[in-house]
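Take a look at the structure set out below.
In the numbering used here, the protein residues as written are 326 to 428.
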């Protein structure tokens with residue numbers, strides 16, 4: 326799917342996620358990419374999924390792309406991005422057995 330979001334919206338969301346929610350990125354990376362993920366940075370998103378660059382514990386391993394579909398299905402509006410990222414965070418906490426913080 327091509328992105329229904331403008332470059333400005335994508336940049337704003339990425340800035341917010343990578344500056345204010347680094348720990349959430351890592352939880353999502355570990356839950357959907359494996360327990361050996363040591364770093365995760367959100368790099369883009371579209372109407373179908375969020376995309377993170379993940380790094381694994383093996384320092385020699387190249388970064389990998391982790392594409393995680395939105396739990397609620399395809400989205401087209403900016404407010405839906407927050408809803409779906411929160412849903413991914415909650416799902417990641419469930420997978421990892423962590424109590425999510427209140428939203």
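For each residue, glycine too, the CB sits at the ideal point set by N, CA and C.
Since the structure is predicted, the reported quantities are computational estimates derived from the model, not experimental observations.
Residue i, buried or exposed, once every other Cβ within 10 Å from all chains shown has been counted against 16
i           : result
residue 391 : buried
residue 333 : exposed
residue 407 : exposed
Rounded Cβ spacing between residue i and residue j (contact assumed at less than 8 Å)
i           : j           : result
residue 412 : residue 352 : In fact, because the Cβ distance is near 13 Å, the residues do not count as touching under 8 Å.
residue 363 : residue 382 : 5 Å
residue 420 : residue 356 : 4 Å
residue 422 : residue 409 : About 22 Å separates the two Cβ atoms, so there is no contact after all.
Contacts around residue i, its chain only, beta-carbon distance under 8 Å, and the 5 residues preceding and following it disregarded
i           : result
residue 350 : 342, 343, 365, 366, 367 and 377
Through-space distance from residue j to residue i, alpha-carbon basis
i           : j           : result
residue 414 : residue 425 : 8 Å
residue 399 : residue 369 : 15 Å
residue 358 : residue 336 : 23 Å
residue 331 : residue 348 : 26 Å
residue 360 : residue 393 : 16 Å
residue 385 : residue 395 : 30 Å
One or two residues paired with residue i in a DSSP bridge
i           : result
residue 377 : 367 and 391
residue 362 : 381
Cutoff 6 Å; reference residue i; Cβ partners in own chain excluding five residues on either side
i           : result
residue 379 : 354, 358, 362, 365, 389 and 391
residue 339 : 367
residue 403 : 334
residue 345 : none
7 Å CB neighbourhood of residue i in its chain, flanking five on each side removed
i           : result
residue 329 : 372 and 401
residue 428 : 411
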